[in-house]
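First the structure, in the form of structure tokens, and then the observations on it.
Protein chains: 2
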Amino acid sequence: MDLIKKKAPKAAKSPADPPVHEQVYQTLRAQILFGEMAPGQPVTIQGLTDSLGAGMTPVREAIRRLISDGALVFQGNRRVSVPVLSAADVEQLIFARKTIESELARRAAKHVRPSLIEELEAIDAALDSAIAAGDVTGYLRYNYRFHAVLYDHANAPVMTDLVERLWLRFGPSLRVVCGRFGTQNLPDRHKELLQALRANDAGAAGEAMAQDVVQGMEMVEAMLSEQAANA
Amino acid sequence: MDLIKKKAPKAAKSPADPPVHEQVYQTLRAQILFGEMAPGQPVTIQGLTDSLGAGMTPVREAIRRLISDGALVFQGNRRVSVPVLSAADVEQLIFARKTIESELARRAAKHVRPSLIEELEAIDAALDSAIAAGDVTGYLRYNYRFHAVLYDHANAPVMTDLVERLWLRFGPSLRVVCGRFGTQNLPDRHKELLQALRANDAGAAGEAMAQDVVQGMEMVEAMLSEQAANA
DNA sequence: TCACCCAGAATATGATCAAATTTTTCAGTG
DNA sequence: CACTGAAAAATTTGATCATATTCTGGGTGA
């Protein structure tokens, strides 16, 4: 008999199966980015080992990475939670996003290929549908994807990395904003951006991106001061 | 009575002893920042557990954090190593550092207190001594400290975080630059910066910082193209 | 209100399994 | 008989888990 067979069928382990700690990281990252975790919510290792069915070590590693990303905060005692943004944080996010993301837009505008325009138009159409339907999760996902695809074409991995981290910081709060003000009122300058990309106008693309970033962040700022007033 | 004392000496365990994974992280971080690891050098978990006398789990967590910081790179197979900068990386580092660090200098210039000037002058004096003595490690440490202290006074933790990560990326290469060109030729605009801070001139402080950053990074750029030519 | 105790959660270790690299072996060929 | 090259064994390293230990926070009783 086969005493040797320790593990069962192994569930069709594909050749390049990402390690568990990577899967956990991606899962949590998406949850934070798309607002499935509320600002201030505590995050426990054991809670995640249960809900994700993973061991402690991979969960631990994923949490460390997310803390380093600024997506989670270590609270001095051994507690970890989803960060709550302060007004000062938002102000700095505005500056950093505005300068770096508009630069990425300028760079992307210099290597525009028709396939990029098509891809962005498709995403933006889906985004508009989500807005019309009041689908907050859809809005968050398509909005992220629009920016991510654009930045990918800027061929600037170092700067893109910085920006990805910034998005993780305000993801949870953005979800709250949508819940508060609805998706209808969310500004987007994607139409202007696409126009600039079609014209290969780097300056206009950068300007449109700066507008998009600032308007979005100002919604977050408004929500924060409203919360402060109600508290 | 102290029956409770389970372990004997415990080596003077102070009440707020940082966890092992934090100690490992700080140690590795310093080694990378101050050039004790060469670009391209492989980093193994088991090697670190031996050399640092720590268990696998804390070492693992520290490595994950450093990968997230951009201080180490994951090489697709399961290997981790110190990153080697490309010319494109350096170009992006220049843009990001220039915009963010000069903004930090501007902000710091608005809250200058005499104690800050004194502290920076002391560090800069030590920096000059290190340069005169050809002490590369001293140069790297004091130069970092000068910037870190200044940024601390900008009261902008989000942006400071971004910058700290950028420094981790070029730390190993900066060490190589110093070994290549010597400390004598390294530019520094700290004198102009201090002058601007004393005068509370935010614009001048930002300008001096931009100069400092660009000149330092251009040394790295020069080294890279030289290496490429020799290869 | 304060000291103390306890449940629960986090930290850390070592063992075990899996994957990748390196070394070794062994034909086959010129 | 030396040399090339592929296949296979062996070693090294990474990934995961189960378990033991330590610490934090809250509740309890004085």
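Heads up: the protein sequence lines correspond to chains A and B, in order. Numbering follows my numbering, in which position 4 of the first sequence is assigned residue number 122; successive positions increment by one, without gaps. Numbering follows my numbering, in which position 8 of the second sequence is assigned residue number 126; successive positions increment by one, without gaps. For glycine and all other residues, C-beta sits at the position ideal for the given N, C-alpha and C. These figures come from a predicted structure and were not determined experimentally.
Counting along the chain, Thr301 (chain B) sits inside no alpha helix (DSSP H), nor does DSSP assign it H or E at all.
Using a CB distance below 8 Å, the part of the stretch 186-210 of chain A facing chain B consists of Ser186, Asp187, Gly188, Ala206, Asp207, Gln210, ordered along the chain. Boundaries of the alpha helix (DSSP H) around Gln210 (chain B): 205-228. Counting C-beta pairs with one atom in each stretch, the stretch 189-201 of chain A and the stretch 287-299 of chain A have three or more that are closer than 8 Å, which means they touch.
Ala205 (chain B) counts as exposed, since fewer than 16 other beta carbons sit within 10 angstroms of its beta carbon. Per DSSP, the continuous alpha helix (DSSP H) segment holding Met327 (chain A) begins and ends at 320-348. Apart from sequence neighbours up to five positions away, the residues of its chain that approach Pro201 (chain B) with a beta-carbon distance below 6 Å are Val191, ordered along the chain. The beta carbon of Val138 (chain A) is closer than 6 Å to those of Ala172, Pro176 in its chain, skipping five residues each way along the sequence.
Counting other Cβ atoms within 10 Å of its Cβ, Thr255 (chain B) stays below 16 and is therefore classed as exposed.
At least one C-beta of chain B is nearer than 7 Å to the C-beta of Val276 (chain A).
Among the residues facing chain B, Leu280 (chain A) is included, as its CB has a counterpart in that chain under 7 Å away.
Rounded to whole angstroms, the separation of the alpha carbons of Asn261 (chain B) and Thr145 (chain A) is 39 Å.
Linking Ile212 (chain A) to Glu219 (chain A) through their CA atoms gives a straight-line distance of about 10 Å. The Cβ neighbour count for Ile249 (chain B), taken over all protein chains shown within 10 Å, is at least 16; the residue is labelled buried.
Of all residues in the stretch 153-173 of chain A, none places a beta-carbon less than 7 Å from a beta-carbon of chain B. Listed in chain order, the non-local C-beta contacts of Ala322 (chain A) below 6 Å within the same chain comprise Ala314, local neighbours out to five positions each way being set aside. The CB of Ile218 (chain B) comes closer than 7 Å to the CB of Ala214 in chain A, given here in chain order.
For Ser199 (chain B), the pairing in a beta bridge is given by DSSP as B:Pro160, B:Val191. Contact annotation, Ala274 (chain A) with Arg225 (chain A): C-beta distance approximately 6 Å; criterion of less than 8 Å satisfied. Residue range 232-251 is occupied by the alpha helix (DSSP H) that includes Pro232 (chain B). Note that the C-beta distance between Gln345 (chain B) and Pro305 (chain B) is not below 7 Å.
In this structure, the CA atom of Glu140 (chain A) is about 7 Å from the CA atom of Ala180 (chain A). Contact between the stretch 295-305 of chain A and the stretch 334-342 of chain A is present, with at least three C-beta pairs closer than 8 Å. DSSP places Arg263 (chain A) in the uninterrupted alpha helix (DSSP H) bounded by 254-270.
Contact between Leu312 (chain B) and Glu237 (chain B) fails: their C-beta atoms lie close to 11 Å from each other, not under 8 Å.
Close partners of Glu336 (chain B) in chain A (Cβ separation under 9 Å) are lacking, with about 17 Å as the shortest Cβ gap. In terms of Cβ geometry, Ile150 (chain A) and Leu286 (chain A) form a close pair [threshold 7 Å]. Listed by position along chain A, the residues whose Cβ is nearer than 7 Å to that of Thr145 (chain B) form an empty set, because the closest Cβ is around 16 Å away. DSSP, read as helix, strand or coil, puts Met277 (chain B) in helix. For the stretch 291-302 of chain A, the set of positions with a beta-carbon nearer than 7 Å to some beta-carbon of chain B is empty.
For Glu310 (chain A), the uninterrupted alpha helix (DSSP H) segment begins and ends at 308-316. Taking each of B:Val161, B:Arg316, B:Asn303 in turn and checking the Cα distance to Ala251 (chain B), the smallest one comes out for B:Asn303. Taking the Cα of Val142 (chain A) as reference, the smallest distance to any Cα among A:Ile235, A:Ala272, A:Leu166 is reached at A:Leu166.
Ala223 (chain B) sits away from Gly158 (chain B), with the two beta carbons spaced by 7 Å or more.
Put simply, the backbone Cα of Ala326 (chain A) is about 23 Å away from that of Met277 (chain B). Our two residues, Pro160 (chain B) and Leu268 (chain B), have alpha carbons roughly 33 Å apart in a direct line.
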